[in-house]
Amino acid sequence: MAAQREAAASSFAAAQPAALPDHVQDPAAPHSLLDTGDAASCLAECNLLNSVPVLQVHPTRRCNLACAHCYTESSPGESETLPVHLLAGAVQDAAALGYGQLAVSGGEPLLYRDLPALLAAAKAMGMITTVTSNAMLATPRRLDELVPVLDGMAVSIDGRPDEHDRMRAQAGAFDKTVANLAHLRERGLPFAFIFTLTQHNADSLAFVIRLAAETGARAVQVHPLTADGRAAHTLSSAVPDGLELMAGLMAAEVLGADLDVPVQVDVLLREQLGTLCRQLVPPTPVRQLKDAAPVLIVEASGRVLPYTHAVHPALALGNLQQARLSELATQWLQGASHGSRADRLARACGAARETLLAQDDLLAAYWYDTVAAQTHRQEGAPVTFKPNEPAWAVLRDLEVTPQMRAVAMV
Ligand code: SF4
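If you want this note's numbering, it's the 1-based position in the sequence shown plus 1.
Structure representation (structure tokens):
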């Protein structure tokens, strides 16, 4: 399941925020949307306020669906898949580099035959393990293999049944997903929903939050659609504007509290730009991979990208098919005439923050897109995707409440 950077996926932070990275120290930030009651557990694919750096792995682009919004352009016809021994090596290296969570996305992870072995490799290194899935293949048999090595599942729900099926390009998809939630509940496997916010569906968020309350989902993550991958062709006009982002934020605030469901919206408020400087902009020179790449992405091709899948390819670490992650990380941190790639990414974060702060009437923005767009400007290649628009003056007079602050995340 890849669509929403499930993204952002991603994004459910740890229950025990004992080991915040140096540049992530905000005691006011919500750290726990999915609390298993024992260890730190989360469903984050990307979240700067997450206390645990995340290794996000896409082991395959094969999927039972071909959703309209899929940024990895996965489908039943795709066969790109990485061997588990390569990924297990990356997991070991990532753990040694301070990554505490493995978040498996896709393609549909449940179609990756070696998923139990991959998750077991992460558990052996003490990592939290999460899977983002459409859950249509979450059969009792498959779940029984996974439950011993899986801490939580992020399940995509894109709105009411007809909206969900349209986005998923398959009639009956919603019913299959929701029916399988019973198997997750029976096994005590914590799950949360991921909802892709478009320009047209903020009003569906109420339905999804209610569904979460009814089905036992621990949380709802609201992730803005980005015009990447298949969405660039099918949904580029559905990228939410500022008004829709704020509508999502307000719905999350009101309904989440009413129904007692934690809701996180992957939106950066203007005031957070000011207060979260150290979280948003890694200090240079960057000394550790996790400082500049609190989310590290392994694509099904083996390419390793820092931060978000849309960063300029020149900032990639390299490919696991050519070298181990530990070697790629060392090279990435080493300087060249224009500085290390790590420092260049940090500079892009700083410039992205400056760009947003310069907009006097900015209220909210999608941070990851802003950084990605900045890397494309900085590295001298054309922007190949359409960044989400920040929220502009139309909402200038809207009061940001403490509750809105609590649900907005980066
Ligand atoms: S279910 Fe499959 S096609 Fe749909 S968004 Fe996820 S990975 Fe892409």
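C-beta: ideal position from N, C-alpha, C; glycine also. Just so you know, these numbers come straight off a predicted model, no measurement behind them.
Could you tell me how far apart the beta carbons of residue i and residue j are, in whole angstroms, since I believe they sit closer than 8 Å?
| i | j | result |
| --- | --- | --- |
| ILE158 | THR178 | 7 Å |
| HIS313 | GLU355 | Actually they do not touch by this definition, with Cβ atoms about 18 Å apart. |
| LEU116 | LEU147 | 7 Å |
| THR61 | GLU81 | 7 Å |
| ALA291 | TYR113 | Looking at the sequence shown, residue 291 is not Ala but Lys. Rounded, the Cβ-Cβ distance is 25 Å, inconsistent with contact. |
| LEU250 | VAL266 | 5 Å |
| ALA69 | ALA232 | 7 Å |
| LEU326 | ALA91 | 4 Å |
| VAL287 | LEU334 | 6 Å |
| LEU256 | ILE210 | 5 Å |
Between residue i and the ligand SF4, is there a pair consisting of the residue's CB and a ligand heavy atom that are separated by less than 7 Å?
| i | result |
| --- | --- |
| GLY107 | yes |
| SER467 | Beyond the ends of the chain as shown, which are 2 and 411, falls residue 467; an answer cannot be given. |
| ALA253 | no |
| ALA67 | yes |
| ASN135 | yes |
| ALA76 | The sequence shown places Ser at residue 76, rather than the Ala named in the question. Under cutoff, so the answer is yes. |
| CYS350 | no |
| THR227 | no |
| THR131 | no |
| THR73 | yes |
| CYS278 | no |
Can you tell me which of the options puts its alpha carbon nearest to the alpha carbon of residue i?
| i | options | result |
| --- | --- | --- |
| LEU260 | THR285, HIS234, ALA220, ILE298 | ALA220 |
| GLN268 | VAL53, ALA293, ALA89, PRO241 | What sits at residue 268 in the sequence shown is Val, not Gln. Out of VAL53, ALA293, ALA89, PRO241, PRO241 has the C-alpha closest to the C-alpha of VAL268. |
| HIS59 | GLN335, GLN322, LEU88, MET168 | LEU88 |
| ALA252 | MET168, ALA353, ASN202 | ASN202 |
| GLN280 | ARG142, ALA207, ALA347 | ALA347 |
| LEU111 | ASN135, ALA121, HIS234 | ASN135 |
| ASP166 | ALA67, ARG142, VAL264 | ALA67 |
| GLY108 | LEU198, VAL299, MET247 | VAL299 |
| SER185 | THR199, ALA366, ALA139, ALA213 | Per the sequence shown, the amino acid found at residue 185 is Leu instead of Ser. Per the Cα distances, ALA139. |
| SER76 | PHE194, GLY230, TYR369, THR197 | GLY230 |
Query raised in the report: What are the start and end residues of each continuous alpha helix (DSSP H) run of 4 or more residues lying completely inside the region 320-389, in chain order?
Result: 326-334, 342-358, 368-379
Query raised in the report: Taking three-plus beta-carbon pairs below 8 Å as touching, is the region 119-137 in contact with the region 102-109?
Result: yes
Query raised in the report: Can you give, in chain order, each stretch of the alpha helix (DSSP H) that sits fully within the region 54-100 and has at least 4 residues?
Result: 85-97
**Report entry** Whole runs of the alpha helix (DSSP H) within the region 216-247, excluding any shorter than 4 residues
**Finding:** 231-235
Query - Segments assigned alpha helix (DSSP H), at least 4 residues, entirely inside the region 274-305 - result: 278-281, 290-293
Requested in this report: Inspect the CB distances between the region 271-285 and the region 348-367 and report whether three or more fall short of 8 Å.
Outcome: yes
Query raised in the report: In chain order, which beta strand (DSSP E) runs of at least 3 residues are fully inside the region 99-182?
Result: Entirely contained in the region 99-182, the beta strand (DSSP E) runs reaching 3 residues are, in chain order, 102-105, 129-134, 153-157.
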